[in-house]
Amino acid sequence: MNDDDHLVLKFDPQTVDHLGAKMYSHLPNAIAELIANAYDADAEHVVVRIGDGEISIEDDGHGMSRSDVADKYLRIGRNRRHVMNTDSTEGGARRVSGKKGLGKLALFGIGGRVELITSRSGETNATVVVLEYDDMMSAEGEYKPVESQQSSNESKHGTTVRLGKLKRTSPVEPEALADSLSKLFNYTDQDFEVRVVTADDGEYAITAERRLASINLQFSWDLPEDLVEADTFAHAHEIAGRIVSSKSPLRHGLRGITLYVNGRLANEPEFFGASESSFAFSYLTGYLQVDFLDEIEPDVIATDRRAIDWETELTEQLRKWLQSLMTRLSQDWRRRRAELGRTTVEKSIGVSTEAWVSSIKSDEREHVRAIVEAVTSDEADIAVEQQGEILGLVKGLAPLHAEFVWRHLHAEIQRVTKPYYEGGDFYTAVIEAIKRYVNSVRAKHADLASIQEHAVLEAAFASVGKLDVFQKFMSLHGFSEDTSKNIQSGQKSLSIGVLAGFRNPLSHEEIDLLQSSGAFTYEDCLDALAIISHLMRRLDQAEVRSI
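Each residue of the sequence shown is one higher than the one before, counting from 3 in the working numbering.
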């Protein structure tokens, strides 16, 4: 074109309205179009600058000459790949991410005024073009924007777009904008940097790390490394990406897997209709790069780059593979989470839950098992650390071999019988308890030291025996003589009864037969230990008779 020719934008006003103001009402999506343009211009640095009542996007790409502005920028719907007959950028190092030539209209979804300042290396002037939305809409299909030239350093190149007359009334939150923009791109180029900069020089880098920064990461799956042999579709189409799970349920806006094509958002986060329980999906997020979709004609990516057309043969195949992947990962998540939960809980309570619950022989075991299963189930949605804390409290109430602990046996009896009881050797536990009791009686009086068990108990607890188990209470509380005689007699009878009822049968009968017949169970063991504990406590209070 000649330098004297006016720059002209030809269009149907409804096109600007429907593809601009109506389609791009979200600030991040509109700005994303300019960042994509900068990427396609081989820019290395892009700055999204938030000012007072305006937003500017500055890049150091190749920039445009005045002719470029007329032939490229002001042509709505220009598909540069077809026009230039190449998928590569001008520098040749990048694959073009833009396609439809409609991104410029996105700007009118967020502001009524667009100012373009652009220059190429070696030129002394920059082209300045100002487009006003209201003027465009009142024009009859042919709009002549305000144009001017301003001096430029020959070494400078790039494009700045200033958006004014913003439609939003609330201030732009820079960090939130950076977070949103990080979800719209997945450029992996090391030489492409995007920052959001505030008026007071605050900076927020837009990176893949920012996208997942708020996730309290628990597990991750990297593709293609974690693909399986059956993932032939993914291998054939070189699908790559990363999917992660959080330790706690994600906000709804973070859930789902995002699809990118050549570094740009192509499909917003979802789970692609996978039939697996939505519970697992509350924890999963991530992204996949599906660049092969860019090769499909006609285009299967929506103009606003928020959804893919799933009604083609290839995208339907992709969807089915994604469904299978989501189902598989959610199942793997459940398995890994359960395994981590068991490990964490067992570390917290000091024993495996199965060993703990199984050690309880009384009817309460099934109640404890039910509590463990309820606390650790997916449906309870209790964090692993909290599971450990809760079950630690439960274990305090129902410890290992709880029925043994709940008997609150005499400390000495508990000490000498615990290893045998916990090992399931109930018979030896009773024998050892009786031995300890008899030896404790012997230790009370020198005359009892060398006689046999039965004789020891007779001599110690006869009505005028060596020991008086109730005298201490008589002197303090004035109980009757009959009470004292009855308790003394009971001590002797119970002591001799323990020998006759427990020690003698256990010493003379086969243990296997006693066990298999049900003639002596763990309950009988506990009852015997409880009686011996009572006798030991009476013995602790016994006084030596002075006769």
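We treat Cβ as the ideally placed atom computed from N, Cα and C, and that holds for glycine.
Reduced DSSP category for R197 - H, G, I as helix; E, B as strand; rest coil: As a position in the sequence shown, residue 197 is number 195, starting the count at 1. Correct three-state label for R197: strand.
Cβ shell of F481 (< 8 Å), same chain only, five flanking positions each side left out: For the purposes of this step, residue 481 is identified with residue 479 of the sequence shown, where counting begins at 1. Hits under 8 Å: F472 and F475.
Whole-angstrom distance between K146 and D7, CA atom to CA atom: By one-based count along the sequence shown, residue 7 stands at place 5. By one-based count along the sequence shown, residue 146 stands at place 144. Between D7 and K146, the C-alpha separation is close to 11 Å.
Beta-carbon proximity check, L256 vs T234, cutoff 8 Å: Counted from its first residue, the sequence shown places residue 256 at position 254. Counted from its first residue, the sequence shown places residue 234 at position 232. Cβ distance not < 8 Å, so L256 and T234 don't count as in contact.
Residue from I433, I489, R338 and R547 with nearest C-alpha to D526: Taking the sequence shown and counting its residues from 1, the one referred to as residue 526 is at position 524. Taking only the C-alpha atoms, the option nearest D526 is I433.
For L229 and E272, the rounded distance between their alpha carbons: Here residue 272 is taken as the residue at index 270 of the sequence shown, counted from 1. Here residue 229 is taken as the residue at index 227 of the sequence shown, counted from 1. The alpha-carbon atoms of E272 and L229 are separated by roughly 20 Å.
Endpoints, beta strand (DSSP E) assigned at E270: Here residue 270 corresponds to residue number 268 of the sequence shown, with the count starting at 1. Where E270 is concerned, the enclosing beta strand (DSSP E) stretches over R266 to E272.
Unbroken alpha helix (DSSP H) run spanning W335, endpoints: Along the sequence shown, one-based indexing puts residue 335 at 333. Residues E315 to I351.
Selected residue, minimal CA-CA separation from I57, among N39, H64, E92 and G113: Looking up residue 57 in the sequence shown gives position 55. Out of N39, H64, E92 and G113, G113 has the C-alpha closest to the C-alpha of I57.
DSSP-derived helix/strand/coil call for W312: By one-based count along the sequence shown, residue 312 stands at place 310. W312: coil per DSSP, three-state reduction.
Span of the alpha helix (DSSP H), counted from its first residue to its last, around Q543: To locate residue 543, count along the sequence shown from 1; it is residue 541. Q543 -> alpha helix (DSSP H) spans Y524 to Q543.
DSSP-derived helix/strand/coil call for I373: On the sequence shown, residue 373 is found 371 positions in, with the first residue counted as 1. Looking at I373 - three-state DSSP - the assignment turns out to be helix.
Cβ-Cβ distance between N264 and S99 below 8 Å: Here residue 264 is taken as the residue at index 262 of the sequence shown, counted from 1. Here residue 99 is taken as the residue at index 97 of the sequence shown, counted from 1. Cβ atoms of N264 and S99: closer than 8 Å.
Residue range of the alpha helix (DSSP H) that includes D42: Locating residue 42 in the sequence shown gives position 40, where the first residue counts as 1. Run containing D42: L29 to D42, per the alpha helix (DSSP H) assignment.
CA-to-CA distance, K322 to D224, given in whole angstroms: Within the sequence shown, residue 224 is the residue found at index 222, counting from 1. Within the sequence shown, residue 322 is the residue found at index 320, counting from 1. D224 and K322: Cα-Cα distance of roughly 20 Å.
Same chain only: Cβ atoms within 6 Å of S486, ignoring 5 sequence neighbours per side: Taking the sequence shown and counting its residues from 1, one reaches residue 486 at position 484. Here the set comprises F472 and M476.
Cα-Cα separation between Q192 and S184, rounded to whole angstroms: As a first step, residue 192 must be located in the sequence shown, where it is residue number 190. As a first step, residue 184 must be located in the sequence shown, where it is residue number 182. Computed Cα separation, rounded: 15 Å.
Selected residue, minimal CA-CA separation from V71, among L118, G55 and A45: Within the sequence shown, the letter at position 69 stands for residue 71. Per the Cα distances, L118.
Cβ distance (whole Å) where E545 is taken to contact L501 below 8 Å: Residue mapping note: residue 545 aligns to position 543 of the sequence shown, counting from 1. Residue mapping note: residue 501 aligns to position 499 of the sequence shown, counting from 1. About 23 Å separates the two Cβ atoms, so there is no contact after all.
Proximity below 8 Å, CB of A108 to CB of R266: Residue numbering aside, residue 108 sits at position 106 when the sequence shown is read from its first letter. Residue numbering aside, residue 266 sits at position 264 when the sequence shown is read from its first letter. It is not a contact, given that the beta carbons lie outside the stated cut-off.
For K494, the nearest candidate out of V458, A521 and T523 (CA to CA): As a position in the sequence shown, residue 494 is number 492, starting the count at 1. Looking at the Cα atoms, V458 is the closest of the given residues.
Beta-ladder partner(s) of E117, from DSSP: On the sequence shown, position 115 is the one that residue 117 refers to. According to DSSP, E117 bridges with V132 and R164.
Within 8 Å, strictly: CB atoms of R115 and K169: Locating residue 115 in the sequence shown gives position 113, counting from the first residue. Locating residue 169 in the sequence shown gives position 167, counting from the first residue. In this structure, K169 does not lie closer than 8 Å to R115 by Cβ.
contact_flag[the stretch 298-305, the stretch 328-348] where n(CB pairs < 8 Å) is 3 or more: no
Backbone CA spacing between S181 and D44 [nearest angstrom]: Position 179 of the sequence shown, counted from the first residue, corresponds to residue 181. Position 42 of the sequence shown, counted from the first residue, corresponds to residue 44. Rather than Ser, the amino acid found at residue 181 in this sequence is Asp. Those two C-alpha atoms are separated by around 23 Å.
Cβ pair N188, Q151 closer than 8 Å: In the sequence shown, residue 188 corresponds to position 186, counting from 1. In the sequence shown, residue 151 corresponds to position 149, counting from 1. Taking 8 Å as the Cβ cut-off, N188 and Q151 do not qualify as a contacting pair.
Burial state of I513 (16 or more Cβ within 10 Å): Position 511 of the sequence shown, counted from the start, is the residue given in the question as residue 513. Per the 10 Å Cβ criterion, exposed.
Limits of the beta strand (DSSP E) - the one that I208 falls within: To locate residue 208, count along the sequence shown from 1; it is residue 206. Taken as a continuous stretch (DSSP letters only), I208 belongs to no beta strand (DSSP E), as it is neither H nor E.
Outcome for V386 when other beta-carbon atoms lying within 10 angstroms are tallied against a minimum of 16: Your numbering for residue 386 matches position 384 in the sequence shown. Buried, since its Cβ has 16 or more Cβ neighbours within 10 Å.
Backbone CA spacing between D334 and D136 [nearest angstrom]: As a first step, residue 334 must be located in the sequence shown, where it is residue number 332. As a first step, residue 136 must be located in the sequence shown, where it is residue number 134. When rounded, the distance between both Cα atoms is 55 Å.
Selected residue, minimal CA-CA separation from R444, among V198, A461 and L295: Taking the first residue of the sequence shown as position 1, residue 444 is located at position 442. Here the closest residue by C-alpha is A461.
Euclidean distance between Cα positions of E356 and L252: For the purposes of this step, residue 356 is taken as the residue at position 354 of the sequence shown. For the purposes of this step, residue 252 is taken as the residue at position 250 of the sequence shown. Straight-line Cα distance between these residues: approximately 31 Å.
8 Å contact criterion, which P30 and L179 should meet: CB distance rounded: The residue given as residue 30 occupies position 28 in the sequence shown. The residue given as residue 179 occupies position 177 in the sequence shown. About 6 Å; that satisfies the 8 Å criterion.
Whole-angstrom C-beta distance between L331 and L290, which should lie under 8 Å: Mapped onto the sequence shown, residue 290 falls at position 288. Mapped onto the sequence shown, residue 331 falls at position 329. Between L331 and L290 the Cβ distance is about 12 Å, and since that is not below 8 Å, they are no contact.
Residue burial classification, E175 (beta-carbon count within 10 angstroms, cutoff 16): The residue given as residue 175 occupies position 173 in the sequence shown. Per the 10 Å Cβ criterion, exposed.
Proximity of K397 and W358 at Cβ, strictly below 8 Å: By 1-based counting over the sequence shown, the position of residue 397 is 395. By 1-based counting over the sequence shown, the position of residue 358 is 356. Cβ distance < 8 Å, so K397 and W358 count as in contact.
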